[in-house]
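Sequential numbering of the sequence shown, starting at 1, is according to UniProt numbering.
Written out below as structure tokens is the structure these notes cover.
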Amino acid sequence: MLRQVAQGVWVHESEFCQSNAVVVLGRDGVLLIDAGIHGDEMACLANDLSDVGQAVVAGFSTHPHWDHLLWHASLGGAPRYGTALCATTARDRLAGGIDPVRAGIPEDVPLELLGNITGLPEATARIPWDGPVVRILEHQAHSPGHAALLIEDHRVLVAGDMLSDVLIPMLDMNGTVDPVEDYLAALRLLESVAGGVDLVVPGHGSVGGSDQVRARIDQDRAYVLALRNGQAPADPRVGPSAKPGWEWVSDVHEGQLQRLAQRSHG
1 MLRQVAQGVW VHESEFCQSN AVVVLGRDGV LLIDAGIHGD EMACLANDLS DVGQAVVAGF
61 STHPHWDHLL WHASLGGAPR YGTALCATTA RDRLAGGIDP VRAGIPEDVP LELLGNITGL
121 PEATARIPWD GPVVRILEHQ AHSPGHAALL IEDHRVLVAG DMLSDVLIPM LDMNGTVDPV
181 EDYLAALRLL ESVAGGVDLV VPGHGSVGGS DQVRARIDQD RAYVLALRNG QAPADPRVGP
241 SAKPGWEWVS DVHEGQLQRL AQRSHG
């Protein structure tokens, strides 16, 4: 079910990893950011929009991981966008097909329209649609062509897979020279707009109010610095304090420590 979080902005939370689809009201329809996961959830979202007389006029994928590239036929054939690097990366990764079991994709996830996104020209500053200004804040943390979106008039930051209250920063360890610095640079970019943000919506986890925007930036920065130094982070998302059901995040942390250690000795 859609939940309004700000004027003209709604969130639909999936049962899968608290994934958040974001709906932004425009003049002639809505922008749908990271459409969702399960087929029945996306069909429900389409029905909710239809019930209030709205149709999807544009889509956007924040980054090229499968859970942010999905779509459902009931959402219609609106153009779906991503950054140029996001679209190129998605196309390259999907060129040989995808093994749902190996990728950890649940059985009821529709893959027919996976990754059918159009890359916007490089350095595009705004999503091209007839609605509120949505700024594209592209960076190279987490994945190639990752983008956060700033809905300026409504003071909402859609953070993609950053600034989560349940997930630690997950660095892109493939194809980047310095994944730690890439992540720190991305946090500086988000920090530069934090003064104009009252609400943050992460790709996974809980929506955060104005008191959470800078707090989550600071928490993520502290984690990344601890990771760089090979230290155990004082982070409630890791270890016994992790939210029930999210204990696997500690395994991700250990994996990142090992990968960084290998890179430093390799």
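C-beta: ideal position from N, C-alpha, C; glycine also.
Computed from a predicted structure; not experimentally measured.
| Query | Result |
| --- | --- |
| Per-residue burial, Arg3 [other beta carbons within 10 Å of its own, 16 or more giving buried] | exposed |
| Glu254 classed as buried or exposed, judged by whether at least 16 other C-beta atoms fall within 10 angstroms | exposed |
| Integer-rounded CB distance, given that Tyr183 should sit under 8 Å from Leu171 | 6 Å |
| Run of the beta strand (DSSP E) containing Gln4, from where it starts to where it stops | Arg3 to Ala6 |
| Length of the line joining the Cα atoms of Gly115 and Gly195 | 33 Å |
| Which listed residue (Met173, Ile127, Asp130 and Ile117) has its alpha carbon closest to that of Ala141 | Met173 |
| Spatial distance of Phe16 from Ser264 (CA atoms) | 34 Å |
| Selected residue, minimal CA-CA separation from Ala6, among Arg155, Val134 and Leu190 | Arg155 |
| For Leu167 and Arg228, the rounded distance between their alpha carbons | 17 Å |
| Where the beta strand (DSSP E) containing residue 267 begins and where it ends | Here the chain covers residues 1 to 266 and nothing more, so residue 267 does not appear. |
| Spatially closest choice to Arg80 from Trp129, Arg93 and Ile37, by CA coordinates | Trp129 |
| Nearest to Val57 (by Cα), restricted to the options Gly29, Val9, Met162 and Leu120 | Gly29 |
| Below-8 Å beta-carbon distance, His63 vs any chain D residue | Judged by its chain identifiers, the structure shown contains no chain D, having just a single protein chain. |
| Whole-angstrom C-beta distance between Ala84 and Leu120, which should lie under 8 Å | 6 Å |
| Through-space distance from Glu13 to Ala21, alpha-carbon basis | 6 Å |
| Beta bridge counterpart(s) of Gly119 as assigned by DSSP | Gly82 |
| Buried or exposed (CB count within 10 angstroms, at least 16 for buried), Arg27 | exposed |
| Whether Arg135 touches Glu152 by CB criterion (8 Å) | yes |
| Contact under 8 Å by Cβ, Ile98 with Trp71 | no |
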